[in-house]
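Have a look at the structure below before the remarks.
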Amino acid sequence: MQRIELRHVTKRFGKTVAVDDVSLTIEPGSFLTILGPSGCGKTTILRMIAGLEEPDAGEILIDGRPVFSRAESIFVPAAERGLGMVFQSYALWPHMTVYQNVAFGLEMARMPKAQIRQRVSEILADLQMAGMEDRYPQELSGGQQQRVALARMLAPKPSIFLLDEPLSNLDARLRMDMRSELKRLHRDTHATAVYVTHDQLEALTMSTHVAVMCAGRLQQLASPDEVYRYPANLFVADFIGSPKVNLLEGYARPAAGGTRVDLGTFSLEALPVWAEGAVVAAIRPEDVQLSTEPVAGGVEFSVYSVLPAGSEAIVNVRCRETMLTVKVGRGTRVDMDQTVWLIFDPRSINLYDKASGLLIAA
Amino acid sequence: MATVTLRRPSPLRVQLRRLWHVLARPHVALSLILGLVLIYLVIVPLLRIAWVTVTWQAEDARLARGFEEGALTLFHWQRTFFGSVSRELVYAPLVNTLVTSVGATALALFLGCGLAWLLTRTDLPGRRLMGNLVTIPYILPSWTISLAWITCFKNPRLGGAIGFFQFLTGAAPPNWLAYGPVPIIIALGLHYYAFAYLLMSGALASVDVYLEESGEILGANRWQILRRITIPLVLPALLSAFILTFSRSMGTFGTPLFLGRPVGYYTLSTSLYSFLRQGFRADAFILGLVLIALSAITIYMNQRLIGTRKSFVTIAGRGLRVRGTPLRGWKYPLLVIVVLFIVVCVLGPIVLLVWQSLQLNDNDYSLGNLSLYWWTTTGGNRLYAEGERGLLRNPLVWNAARNSLALAGITAAVVAVVGLLLGYAIVKGRGTWLSKLLEQVAFLPYLIPSIAFGAVYLAMFARPLGPFPALYGTFSLLVLVCVAKNLPFSSRAGVSSMLQVGKELEEAAMMHGASWFTRFRRVIIPLTSSGLVSGFLLTFISTIRELSLIVLLVSPSTFVLPNLVFRYNEQGFTQLADGIVVVLVVMSLAAQWLIGRVKGADLARGLRGN
């Protein structure tokens with residue numbers, strides 16, 4: 353179990369700043385997911401921790417020991433950092449068998465042959481890949497290749513796992529299975545895991561901590577629940593959640609019973625947040641109640657489109673220029689152009705300062 | 046937050062550590078070493094040649110006043126471009142060079158594009174077999190056809206036996222048909238069309254039929270599809286084919302020598318050669334610089350024209366389908382034309398050369414004249430070639446064959462390894478100035494026509510330089526020049542192999558603690574082996590037939606087979622010269638057959654120089 357610390361790490365590629373002054377601490381034994389759209393610098397952070405990329409500024413410490421420091425010109429090579437990595441493409445050597453792939457790291461560590469054999473078969477058995485030793489990677493399915501990549505990472509028993517979008521090449525069903533296996537693996541090995549993905553569902557389901565990145569900058573580092581419930585800024589609010597959060601611009605002023613936000617077509621009442629001025633209200637689709645009958649306090653909308661998805665349905669509703677997305681349960685049936693009434697829960701709405709984009713704390 | 050608890054070492058130590066840390070990275074160290082080697086092999090020779098042209102040379106003593114050996118002067122440039130003999134010195138050869146290269150390029154592109162279209166995009170029967178046959182000239186020496194041409198159209202002007210044409214018709218072919226620009230253009234065109242064919246058929250085969258079908262659905266007719274969709278897509282390949290044929294025709298030496306010199310028709314490359322023979326080094330080097338400038342201008346124009354379109358060639362996606370345009374009524378007439386072309390222009394010259402090498406008396410095509418004399422005689426008969434021994438019993442031939450094999454083999458092996466190392470250094474350093482420098486310098490030999498490149502090396506290695514002895518006349522110099530001239534292709538091939546391997550496969554080994562050497566041995570070399578082998582064979586083929594590049598640098602003891610062809614041809618021992626060409630053809634075909642055995646090998650790969 354090892355702590356990883358990044359201090360003011362910056363990395364440029366030519367003129368573009370891939371990672372911009374990022375500081376973050378990854379606690380021992382935690383499962384940290386770095387989440388962000390493509391090109392946000394998340395993979396670069398992972399590669400800098402791995403020692404495959406050298407930062408332009410800052411320091412990286414593993415277990416209190418600096419493995420990189422610009423000021424002191426320290427750079428510890430990847431192999432001496434005690435970590436294992438799964439690449440996005442798996443990077444299985446196509447000219448080696450499964451056995452040779454997995455044994456490679458052990459050979460490099462000069463482990464005796466007999467022990468290597470034992471360790472490889474043990475780890476392949478753990479990953480339900482026994483009997484596949486003599487196959488070549490091209491002869492395996494995507495899921496099996498994924499397991500070989502994992503086995504190769506696990507074989508030398510690293511105390512830190514670095515995983516670069518390891519599930520992005522798998523189909524949806526397999527991805528579900530692998531998520532739970534990875535989570536189990538993390539628990540059983542007590543390793544510190546850093547996981548890079550652009551898939552927010554993966555981030556929310558698997559990690560103990562989520563770091564959201566955008567344009568090279570760290571936007572928020574918190575638990576999945578907190579990131580989901582209280583996004584630190586408008587970017588995070590917009591990025592997390594599917595279907596996307598409704599962002600409505602308005603003007604807030606204190607009123608009796610809480611803050612009142614005037615959104616133009618309608619207004620939100622009694623928000624338990626103190627705010628005044630131009631704001632953006634963030635309302636999650638599942639936090640809106642939809643009624644097909646007129647109800648007290650309900651705001652009248654007309655249904656623009658309905659997208660059923662089995663257990664639930666996504667309904668887009670419109671009231672003049674304002675469009676909202678609402679998630680409804682299976683029980684509610686609506687048709688296009690039908691009139692519906694929406695009820696907003698003031699406790700579930702987050703307000704953001706329009707100018708700075710930051711969350712206005714309760 | 047940033048509580049730096051570490052003790053700060055002294056700034057100097059930090060600087061030194063940083064420098065060491067940068068230099069110790071394998072690709073940086075490799076880039077630096079390769080960079081120095083490249084500068085020595087490419088940049089220094091170029092400077093040296095320029096230097097000779099602006100200093101007094103020993104041979105100028107009787108030509109001009111104010112002579113002072115080694116001092117700076119513009120004498121050579123003035124004499125060459127503005128003197129009383131400048132017409133003969135530079136302008137006539139320049140015009141001749143342009144005329145023959147433009148003519149040859151036009152012919153080559155017409156034939157190459159036409160055949161490429163017929164053999165990849167139509168329903169012509171037997172496309173596969175014919176496609177293989179029409180690429181044969183690519184692997185032959187560029188001057189094979191010129192020798193066959195002489196055999197066929199020789200006229201009494203030169204004395205000696207008559208040609209095949211006169212043998213058949215009884216009439217002597219006119220001079221313009223036997224020697225000079227017309228045969229040069231035809232002989233070069235019939236060789237270089239194969240280059241255009243390879244590039245164009247590759248490009249045409251990679252145009253996805255869906256792109257054309259989309260046009261069809263939107264109501265475009267055949268001609269509109271061709272003009273608006275297909276041609277723009279293959280335009281970059283067409284321009285590459287143009288530049289390749291043009292710059293090669295410009296720098297070629299054998300063909301204008303065999304077909305032009307007998308009537309005093311000189312191109313830049315042949316006059317460069319004769320100036321050097323007469324001892325006018327500076328004049329020869331000026332012609333070399335003119336050739337380099339011409340070639341650089343063409344390539345620059347090509348880069349400007351292609352610009353961003355370059356990427357079109359690689360758009361081939363998965364599930365590629367290629368559609369054959371039905372030829373309908375044209376099918377059989379076109380088939381006859383293509384078959385005739387292959388028989389007369391591709392196989393004909395080879396058959397003619399084989400036949401002639403089997404004639405006891407030159408150009409007597411009767412069956413009774415057939416004999417193995419020239420292959421097997423032990424010599425001594427003063428009636429035939431002054432008693433020269435037969436090819437198979439001639440120590441000169443065996444020695445040249447050994448030299449040829451050694452030169453091609455060693456060059457190809459060195460080039461394959463250097464190419465991979467260059468590719469590695471360039472790909473790993475992508476984005477750094479060092480990587481760009483390597484890529485640019487490795488590309489430079491492409492700009493320099495072979496004969497000029499040979500001249501450059503002559504200037505450079507005639508005298509000792511620094512720690513290196515004078516290499517002139519040695520075998521190592523031949524290897525050096527062949528390796529350097531092949532750098533552009535080998536470095537491109539190395540870059541593309543490295544890009545195919547991708548960086549993650551190597552990084553995965555790095556994560557497990559594999560050293561640089563181990564990564565190379567266990568990951569990179571196994572994964573690039575097919576590229577290495579095909580690169581080896583391609584260089585082998587191109588080196589074994591090389592004449593222009595090394596003709597200025599060989600000595601009698603380092604003679605290779607093409608030199609011997611050249612020498613026997615000058616002495617008028619036609620059958621011996623033709624016999625050696627036949628040997629070279631067989632060797633090239635064998636190497637090509639081997640290439641076919643290598644998985645993933647691609648004949649056109651060595652062509653994509655830019």
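Quick mapping for you: the protein sequence lines, in order, are chains A and B. Numbers 353 to 714, taken from my numbering, label the letters of the first sequence in order. Numbers 46 to 655, taken from my numbering, label the letters of the second sequence in order. Just so it is clear, CB atoms sit at the ideal spot from N, CA and C, and this is done for glycine as well.
Opposing strand residues paired with residue i [DSSP bridges]
i: A:Ser-727; result: The shown model of chain A, from 353 to 714, leaves out residue 727 of chain A, and the question about it has no answer.
i: B:Gln-60; result: The partner list for B:Gln-60 (beta bridge, DSSP) is empty, contrary to what the question assumes.
i: A:Ala-574; result: A:Val-562
i: A:Pro-660; result: A:Ala-665
i: A:Phe-383; result: A:Ala-545
i: A:Phe-427; result: A:Phe-420
i: A:Thr-677; result: A:Asn-668
i: A:Asp-614; result: A:Tyr-603 and A:Ser-619
i: A:Asn-585; result: A:Leu-710
i: A:Ile-356; result: A:Ile-378 and A:Ile-414
i: B:Leu-213; result: None; B:Leu-213 has no bridge partner.
i: A:Gly-436; result: A:Phe-513
Straight-line Cα distance separating residue j from residue i
i: A:Pro-518; j: A:Val-450; result: 18 Å
i: A:Phe-653; j: A:Ala-627; result: 26 Å
i: A:Ala-633; j: B:Arg-564; result: 55 Å
i: B:Arg-322; j: B:Pro-607; result: 18 Å
i: B:Leu-91; j: A:Phe-365; result: 34 Å
i: A:Asn-598; j: A:Arg-581; result: 14 Å
i: B:Gly-435; j: B:Gly-171; result: 40 Å
i: A:Thr-677; j: A:Gln-497; result: 39 Å
i: B:Gln-60; j: B:Gly-80; result: 24 Å
i: A:Arg-539; j: B:Leu-479; result: 46 Å
i: A:Val-579; j: A:Pro-389; result: 16 Å
i: B:Gly-474; j: B:Val-73; result: 7 Å
i: B:Ala-451; j: B:Leu-339; result: 33 Å
i: A:Leu-642; j: A:Ala-665; result: 12 Å
i: A:Pro-508; j: A:Pro-595; result: 41 Å
i: B:Ile-496; j: B:Ser-314; result: 6 Å
Residue i burial status per 10 Å Cβ neighbour count (16 or more: buried)
i: B:Gly-333; result: buried
i: A:Thr-368; result: exposed
i: B:Phe-126; result: exposed
i: B:Glu-591; result: buried
i: B:Ile-78; result: exposed
i: B:Leu-106; result: First, the amino acid is wrong: residue 106 of chain B is Ala here, not Leu. Under this definition B:Ala-106 is an exposed residue.
i: B:Thr-588; result: buried
i: B:Asn-266; result: exposed
i: A:Thr-691; result: exposed
i: A:Met-530; result: buried
Contacts of residue i in chain B (Cβ-Cβ under 7 Å)
i: A:Gly-366; result: Gly-476
i: A:Ser-425; result: Val-59, Arg-62, Arg-63 and His-66
i: A:Phe-653; result: Ordered by position in chain B, no residue passes the 7 Å Cβ test against A:Phe-653, which lies about 41 Å from the chain.
Own chain partners of residue i with C-beta closer than 6 Å, once the 5 adjacent residues on each side are dropped
i: B:Leu-235; result: Ile-190 and Cys-390
i: A:Leu-515; result: Val-438 and Tyr-547
i: B:Trp-194; result: Pro-228 and Ala-232
i: B:Leu-405; result: Asn-414, Ser-416 and Tyr-418
Proximal chain B residues relative to residue i, where beta-carbon distance stays under 9 Å
i: A:Leu-573; result: Within 9 Å Cβ-Cβ: nothing; A:Leu-573 doesn't reach chain B, min ~13 Å.
i: A:Pro-508; result: His-557 and Gly-558
i: A:Phe-591; result: Here the premise fails: no neighbours, minimum Cβ distance about 25 Å.
Beta-carbon contacts of residue i that lie in its chain and below 7 Å, excluding the five residues immediately before and after
i: B:Gly-547; result: none
i: B:Arg-354; result: Note that B:Arg-354 scores 48 on pLDDT, short of 50, meaning its location in the model is unreliable; the coordinates nonetheless yield the value given after this. Counting only Cβ-Cβ distances below 7 Å, and skipping sequence neighbours, we find Leu-280 and Pro-281.
i: A:Asp-415; result: Gln-354 and Arg-355
i: A:Asp-689; result: Ser-654 and Val-655
Partner residues on chain A for residue i, Cβ-Cβ distance less than 7 Å
i: B:Glu-549; result: Phe-439, Ser-441 and Ala-443
i: B:Ala-559; result: Met-460
i: B:Pro-571; result: His-447
i: B:Ala-553; result: Phe-439 and Ala-443
i: B:Val-685; result: Since the first residue of chain B shown is 46 and the last is 655, residue 685 of chain B is not available in this structure.
Proximal residues to residue i (C-beta, below 8 Å), its chain only, five neighbours per side dropped
i: A:Glu-645; result: Trp-693
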